[in-house]
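Here's the structure we're looking at; comments come further down.
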Amino acid sequence: MDGEPDLCIGGTWRHASDGGTRDIVNPADGSVVAVVDEATPDDARDAVAAARAAFDGGAWRATTAAERSELLNRIADLLQRDKEDLAHLETRDTGKTLAESRIDIDDVTSVFRYYSRLIGVEADTLVDVGDPAVISRVVREPIGVCVLIAPWNYPLLQMSWKVAPALAAGCTMVAKPSEVTPLSTIAFVRLLDEAGIPPGVVNLLQGSGATLGSALTDNPDVDFISFTGGLATGRNIAATAAAHVTKVALELGGKNPHIVFADVRDSGDWDAAVDHVLTGVFLHSGQVCSAGTRLIVEESIADDFVAALAERAAAIRVGNGMDPASETGPLVSEQHRAKVEDYVALGISEGAKLVCGGARPTDAALADGYFYLPTIFDRCDRSMRIVAEETFGPILTVERFTSEDEAIALGNDTEYGLAAGVRTSDAARGERVVRALRHGTVWLNDFGYYTASAEWGGFGKSGNGRELGPSGLAEYQELKHIWHNTAPTAAGWFKN
Ligand code: TXE
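Quick note: the sequence shown uses our numbering, first residue 4, plus one each step.
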């Protein structure tokens, strides 16, 4: 960035081995905000080798849990110290509003604090094998060298879900942020240096998925790959990793249903239900893996509910994320907006009824950015691609149901299974539907919230493995069973 080297390998900051760079574009106005080094496959080999050496050298993995816990806390302190700078970088890079970026940095901080606490209280599991002479323990050890690949929608947040547990476990790693949004991660790895992370423990490379990403995943010295991104890329990575029997954890997005029952009308929950459906889909212009992009609403209230939603959607202030008046920013890139526009054209051609949006804003001040208006399609059905595929933009589709069973069937009719919402004032029904839905997170009378202490991840093709919570740490650990006989005798099986 700004002539400074952006790749960190074995504790040394350097430029790309072939001198290559990439322009980083502000999606709010199309301007180039930074030029960063673009790593090569040779750099990938060097970075994995550095991580391997730092792991095999043993000093890092021999640190005590208490030492790593303290380090994670120190990182959290530095994140808060640099919160404003990091939030500004995130907004310039992704386009999201500054208010969202500030929340992201607070959430990143919480992830480090959570794993700092968790590693501090982790204990071995003692197993009773039925022989008083045997002490049997299951201990957790770091899995080794990790490749951490993050997407562009929550650049630092998604990376923190990987780096924090990897450090807590005692792993070494190569982090690769999305080539579209690397700036906050570069600043963050500089901050890790300051926190005192030893050389080679966290290596950082920026570059394209096709060349750099595949060089990182196709390397036998890697023990674990944690990836968040699109389904097609996840499939590729899993196939590449299989050749080396490398463990992978994948978070591949979702097509998330938000089921609204008619009882919200009489229970006084109407306005809040409309508000949650609206926020659930249009926050960050829909570029959220858990966005509630499929409204599944009971037929008897559907017309009124959609009308109320459309009125509010049309009033959302789309604008530059640096402007405090903006409620949502642009799409991340010109290419991504083109994909969203294709989906809108597809929805129309499939026969969905366009209720609002379906266009770029007309405000001349936004003409150079990649903005798109909140869009609602009514009269959708599950045979449509616009309902089945992840659009990752500000597009809500509406399907209607007349019975609880039908609502559940619709909610489960997706190849994904990341998240779902249920809105009802009937507690028993709420519990039935929540349990029947095959999704990794289900919100009842709420939408979009998460905590570092509870697992995040998907059923179905939303991926495998979990991030956050105790399982998010377990992904970075191997289990070792130690059988210690304190009074050894001969086994006595073979008689001669
Ligand atoms: O993601 P990619 P893209 C979905 C969303 C979006 C679609 C495509 O639907 O429209 O994916 O987005 C790296 N080996 N999500 O193309 O390509 C890449 O450099 C190794 C859902 O931007 O999956 C980046 O760092 N790495 C999602 C990361 O993968 C590779 C968030 C994600 O990019 C690689 C983002 C390869 N062969 C998009 N190819 C979510 N789950 O939240 C790419 N990469």
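Beta carbons are placed, not taken as given, at the ideal position from N, Cα and C, and that holds for glycine.
Close-in-space but distant-in-sequence residues of the same chain around R95 (CB under 6 Å, 5 per side omitted): N29 and V36
Three-pair Cβ contact test at 8 Å for the segment 424 to 433 versus the segment 446 to 458: yes
Short CB-CB distance (under 8 Å) between L298 and chain C: The chain labelled as chain C is not found in the depicted structure, where only one protein chain is given.
Classification of G372 by the beta-carbon crowding that lies within 10 angstroms, buried from 16 upward: buried
Length of the line joining the Cα atoms of G62 and G460: Checking the displayed sequence, the identity of residue 62 turns out to be Ala instead of Gly. Rounded to whole angstroms, A62 to G460 spans 32 Å at the Cα level.
Among M387, T492, R105 and T331, nearest to A355 - alpha-carbon criterion: M387
Reduced DSSP secondary structure (H/G/I, E/B, other) of F308: helix
Whole-angstrom distance between C149 and A305, CA atom to CA atom: Those two C-alpha atoms are separated by around 48 Å.
Element boundaries [beta strand (DSSP E), containing A422]: Run containing A422: A422 to R426, per the beta strand (DSSP E) assignment.
Residues bridged to I122 [DSSP beta-bridge criterion]: Looking at the DSSP assignment, I122 forms no beta bridge with any residue, so it has no partner.
W155 beta carbon near the ligand TXE (any heavy atom closer than 7 Å): yes
Selection from T15, E103 and I262 that minimises the alpha carbon distance to P327: E103
Whole-angstrom distance between D269 and L482, CA atom to CA atom: 52 Å
beta-carbon G405 near the ligand TXE non-hydrogen atom, thresh 7 Å: Residue identity check: residue 405 is Thr in the sequence provided, not Gly. No; taking the cut-off as 7 Å, the Cβ of T405 has no heavy atom of the ligand TXE nearer than that.
Neighbourhood of L160 by C-beta, 7 Å cutoff - its chain only, sequence neighbours within 5 removed: Once the five neighbours on either side are set aside, the close Cβ partners of L160 are D107, D110 and V111.
Residue of R64, D134, L369 and I411 minimising C-alpha distance to N488: In terms of CA proximity to N488, D134 leads the group R64, D134, L369 and I411.
Reduced DSSP category for S181 - H, G, I as helix; E, B as strand; rest coil: In this structure, S181 counts as coil in the three-state DSSP scheme.
Identified DSSP bridge partners for K504: No information on residue 504 is available, as it lies outside the stretch 4 to 499 that the chain covers here.
Same chain only: Cβ atoms within 7 Å of G203, ignoring 5 sequence neighbours per side: G13, G14, A53, A54, A56, A57 and T175
In chain order, each beta strand (DSSP E) run of at least 3 residues that lies wholly inside the segment 242 to 317: 250 to 254, 260 to 263 and 297 to 301
N467 CB to nearest heavy atom of the ligand TXE below 7 Å: no
For V480, the first and last residue of its enclosing beta strand (DSSP E): The sequence given here places Gln at residue 480; Val does not occur at that position. Unbroken beta strand (DSSP E) run through Q480: Q480 to N488.
Between the CA atoms of L81 and L92 - distance to the nearest angstrom: 16 Å
Distance between P201 and T66 (C-alpha atoms, nearest Å): The straight-line gap from Cα to Cα measures roughly 11 Å.
Entirely enclosed alpha helix (DSSP H) segments - the segment 173 to 224, minimum 4 residues: 186 to 198 and 217 to 220
Close beta carbons around I262, own chain, < 6 Å, minus the five adjacent residues each side: I299, A410, G414 and V425
Spatially closest choice to L3 from V132, P158 and L281, by CA coordinates: Outside the shown range of the chain, which is 4 to 499, sits residue 3, and nothing can be said about it.
Contact test: F191 Cβ vs the ligand TXE heavy atom, cutoff 7 Å: no
Residue span of the beta strand (DSSP E) that contains F404, given as start and end: For F404, the uninterrupted beta strand (DSSP E) segment begins and ends at I398 to F404.
Assigned secondary structure, L447 (DSSP; H/G/I helix, E/B strand, else coil): strand
Distance cut-off 7 Å: C174 Cβ against heavy atoms of the ligand TXE: no
The segment 225 to 241 contacting the segment 434 to 444, beta-carbon criterion three pairs below 8 Å: no
Inter-residue spacing [alpha-carbon to alpha-carbon] between T184 and W155: Cα to Cα, T184 sits roughly 5 Å from W155.
Reference I122, options L129, V132 and E144, closest by Cα: E144
Beta-bridge partners of L476, as assigned by DSSP: Bridge partners of L476: none, in fact.
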